[in-house]
Amino acid sequence: MWPLYAAGFTTAFGAHGIAANLGGFSEDAVTSLLVLGGLLALYDGAEVVLKPVFGTLADRIGARPVLLGGLIAFAAASALYVVADSPGWLWAARLGQGAAASAFSPSASALVARLNPAAKHGRAFGSYGFYKSIGYTLGPLLGGVLVWAGGLRLLFAVLAVLGAAVAAWAAIAVPVVPPLPKARQTVLDLARRLADPAFLAPTGALAAATAALSVGVGFLPVSGRAAGLGTVATGAAISVLAACAAIVQPKAGRALDDGRLTTRTGITAGLLLTATGLACAMLPGLTGVLSAAALIGAGTGLITPLGFAALASATPQERLGQTMGSAELGRELGDAGGPLLVAGVATLTTLTYGYATLAALLAAGPLIALAYGSAKGSGSEEPDPF
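Using the working numbering, read the sequence shown as starting at 6 and increasing by one per residue.
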């Protein structure tokens with residue numbers, strides 16, 4: 006499991022270590038909030054297109070080779086910007102990193118599910134999420150230090166070395182998990198499975214959480230600078246977000262496995278906490294930034310392991326790669342759409358209204374779930390969508 010945790014750390018550290026420092030250290034490449042939103046969305050836009058493809062490939066040939074190939078490609082894409090330092094190559098390198106992450110991220114999730122029994126899925130995904138959140142935590146802070154010391158090229162060089170090292174570790178330590186035989190699936194069968202509430206409800210919650218997380222990492226530093234905070238202070242504030250997520254995820258996973266928490270209750274609470282955090286981001290000064298970071302982190306920390314555990318329990322093992330890839334597609338739509346939505350609203354009005362818009366959308370989630378539960382009726386035999 007350790008190389009899988011390292012793979013999760015790698016994608017989180019790479020995505021957010023760069024994202025949190027683009028606005029403050031790349032004046033030549035980031036000339037407006039809209040450009041910043043585009044660069045933040047580019048990494049995830051590649052994942053939107055490719056994650057379902059690589060998830061299906063992992064089911065066909067096995068998750069391990071897709072994991073290794075993705076890590077090697079991530080190292081190569083990171084090295085690209087080290088060699089050619091220019092705004093245009095920054096866009097190319099971020100696109101390459103996103104394409105590579107679309108291969109190894111769903112493969113790692115599928116292996117987490119395959120290598121652990123169903124009764125321990127909560128703990129397994131909680132631990133995976135913990136180490137991924139460590140990447141989110143160290144990314145803004147350590148990334149800021151690296152960029153301060155040697156520019157973006159130094160950060161990309163560290164990512165190249167990290168990707169290559171994790172690929173070598175995984176090649177040595179991750180066991181071969183052969184693909185399972187599966188019945189022929191038509192496009193209609195796939196559409197029915199992906200339209201099932203057992204897939205849509207957790208995936209929608211994961212997308213909402215990821216949108217808030219991406220907005221927090223990308224735009225809370227902008228709010229911090231407006232409040233007069235320095236780059237190290239804003240990086241530390243954003244690390245609070247990821248630290249809270251890291252602390253909450255294993256606890257949520259254990260509570261789920263022990264029967265002390267249900268997916269419906271946990272995900273609903275997580276959405277409301279996250280929406281409250283975005284509302285706090287509207288407050289001026291350090292108080293607004295810190296409270297927003299803590300609440301967004303806690304909310305996403307509740308949602309993430311519960312959402313993935315729900316997906317794993319509702320999916321046949323031979324289709325885990327496809328399901329995880331499709332669920333990651335939903336997450337990346339949130340990851341790409343969140344910054345674009347907030348940047349678009351902020352361009353027309355102010356950043357405060359951008360936060361308010363996303364907060365309202367997240368708060369609507371529990372209301373929709375409540376309406377769905379009421380529509381089923383108390384006597385219905387239909388299973389809970391979570």
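Every residue gets a Cβ at the ideal spot worked out from N, C-alpha and C, and that includes glycine.
Note that the coordinates shown come from a computational prediction; the quantities given were computed from them, not determined experimentally.
Contact set for residue i: own chain, Cβ-Cβ below 7 Å, skip 5 residues either direction
i    : result
L338 : V53 and A212
A24  : L45, V222 and G223
T281 : L300
DSSP state of residue i mapped onto helix, strand, coil
i    : result
D263 : coil
N26  : helix
P57  : helix
M287 : coil
G233 : coil
P180 : coil
A319 : coil
L120 : coil
A97  : helix
G342 : helix
T354 : coil
S228 : helix
A392 : Nothing can be reported for residue 392: it is not among the residues displayed for the chain, which extend from 6 to 391.
Proximity of residue i and residue j at Cβ, strictly below 7 Å
i    : j    : result
G74  : A108 : yes
G144 : G304 : no
A162 : V88  : no
L325 : A175 : no
L345 : K56  : no
A80  : A169 : yes
Q254 : G306 : yes
V182 : R119 : yes
Residue i to residue j span [Cα, whole Å]
i    : j    : result
P5   : Y10  : What is shown of the chain runs 6 to 391, which leaves residue 5 out entirely.
L295 : L353 : 26 Å
Y141 : A104 : 19 Å
G293 : P371 : 24 Å
L349 : L366 : Looking at the sequence shown, residue 349 is not Leu but Gly. Approximately 15 Å, taken between the alpha carbons.
A97  : A332 : 25 Å
Same chain, Cβ closer than 8 Å to residue i, five either side skipped, listed in chain order
i    : result
L266 : A257, A260 and L311
Integer-rounded CB distance, given that residue j should sit under 8 Å from residue i
i    : j    : result
A123 : F204 : Contact flag wrong, Cβ pair sits at about 17 Å.
S112 : A63  : 5 Å
I139 : F14  : 6 Å
Same chain only: Cβ atoms within 6 Å of residue i, ignoring 5 sequence neighbours per side
i    : result
N94  : Note that residue 94 is Trp in the sequence shown, not Asn. Closer than 6 Å at Cβ, skipping near neighbours: Y86.
D340 : D49, T215 and S219
L246 : G221, A298, I301 and G302
T191 : Residue placement at T191 cannot be trusted, given a pLDDT of 47 that sits under 50; what the coordinates show is reported in the next sentence. Contacts found: none.
I272 : A210, I308 and L311
Q327 : G60, T61 and D64
CB contact below 7 Å: residue i versus chain D
i    : result
A216 : Although the question refers to chain D, the structure presented lacks it and comprises just one protein chain.
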